[in-house]
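Notes for the one structure printed next.
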Amino acid sequence: MSVSQPVASDHQLARLLQIGMVLEEVVEARAHQHYRSVSADLDTEIEALLEHAAEESADHRDRLAALIDDLDAERIPFEQIEPLVADHYDRDRDTDGVLYDQLCNEETAYKFYDDLIAAIEASSASFGIDREHLVETLSAIREEEADGAEEVTRLMEARE
Amino acid sequence: MNTAEQYLKAIYLVQQVENGPAATGRLADSLDVSPASANEMIGKLEERGLADHEKYKGVTLTDEGIERARDSLQTYCIIERFLVEVLGVEDFRTEASQLESVIDETVAERLDTIIDREPQCPDCFAPDEDVCALLDPDGGAAD
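Chains X and P, in that order, give the protein sequences. Residue 160 in UniProt numbering sits at position 160 of the first sequence, and the numbers go up by one each step. Residue 47 in UniProt numbering sits at position 47 of the second sequence, and the numbers go up by one each step.
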């Protein structure tokens, strides 16, 4: 065990990017599951939100995959994660639960990218990919997660 | 998980193995830090009411410290199990130790939605082996 070491190698960086990819895939797969499980109760706003969340996660996944490719590491295929989400998905969920879950998704992703960027910035290691491009990509994704959390919060407040 | 949480987890595990207070030297060894660094953090944990330190005996977690340590251990268990079950990582202990400072409890909770963790977690964690006693290290996907 070691204490608070920053990202110290390409291997560690690739592993963290893989985890980011899995988180995005979980968001995308859960959005699909929500849609299937409560589609009869969904209004157009929530439907649009879930569709946007799935599209955005797919886009984030592609951007992370490009970084992973540049590090010569393996991508984590969506086809591997989707059945895991389906197997563990709790179907007893109303629309409020869907929104809350979506908010957790956005906030969790934001926290992950925020911590990852801080760890990269605290690291003096040189990586096999351009550091500036790496941080720019992760920062852009982080901002989109923040916007997503705001959007869900706005929708939740409007329904109160 | 932040540095304080890593210390709490380490103290909790050393206390389990020793069945008593965690000696500072033993704690420093388990965290791969100097005894001076360990002492400094123990002081901070004491100030926050999370641990009690008795000279020549060692450090003992308070009830609140135990609660926080168990949360941190659970996060660590999720990371280990995720690495084995989803990513098929062979050297999961080393990688979990490297990742724990970057993976927050909320992030671990999301990873937890796709793994099979036992309800008694973290009581099934085996400190000597640094792994959940119920985890099959060969039970994951290909790396």
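All C-beta atoms, glycine included, are put in the ideal place defined by N, C-alpha and C. These numbers come from a predicted model, not from an experiment.
Local Cβ density within 10 Å of residue i, reported as buried at 16 or more and exposed below that
i      : result
X:N105 : buried
P:T97  : Per the sequence shown, residue 97 of chain P should be read as Ser rather than Thr. Buried: at least 16 other Cβ atoms inside 10 Å.
X:A31  : buried
P:G49  : exposed
X:E157 : exposed
X:V7   : buried
Residues bridged to residue i (per DSSP)
i      : result
P:T60  : P:D52
P:V131 : P:A126
Other residues of its chain near residue i: CB distance less than 8 Å, five sequence neighbours each side excluded
i     : result
P:S30 : A10, L13, V14
P:E80 : F92, R93, A96, V131, C132, L135
P:P21 : Q15, E54, K57, G58, V59, T60
Any C-beta of chain X under 8 Å from that of residue i
i                      : result
P:Q74                  : no
P:T113                 : yes
P:I11                  : no
P:E118                 : no
P:D136                 : no
P:V107                 : yes
residue 153 of chain P : Since the first and last residues shown for chain P are 1 and 143, residue 153 of chain P lies out of range.
P:Q98                  : yes
P:R110                 : yes
P:E95                  : yes
P:V59                  : no
P:L8                   : no
P:L27                  : no
Contact with chain P by residue i, beta-carbon distance below 8 Å
i                      : result
X:A73                  : no
X:I81                  : yes
residue 232 of chain X : In this structure chain X extends from 1 to 160, so residue 232 of chain X is not present and cannot be described.
X:A14                  : no
X:H60                  : no
X:F112                 : yes
Three-state class that DSSP yields for residue i in the structure shown
i                      : result
residue 145 of chain P : Residue 145 of chain P falls outside the range modelled here, since chain P spans only 1 to 143, and no answer is possible.
P:N2                   : coil
X:D43                  : coil
X:S9                   : coil
X:V38                  : helix
P:V89                  : coil
X:F127                 : coil
X:A73                  : coil
P:I103                 : coil
P:S34                  : coil
X:R159                 : coil
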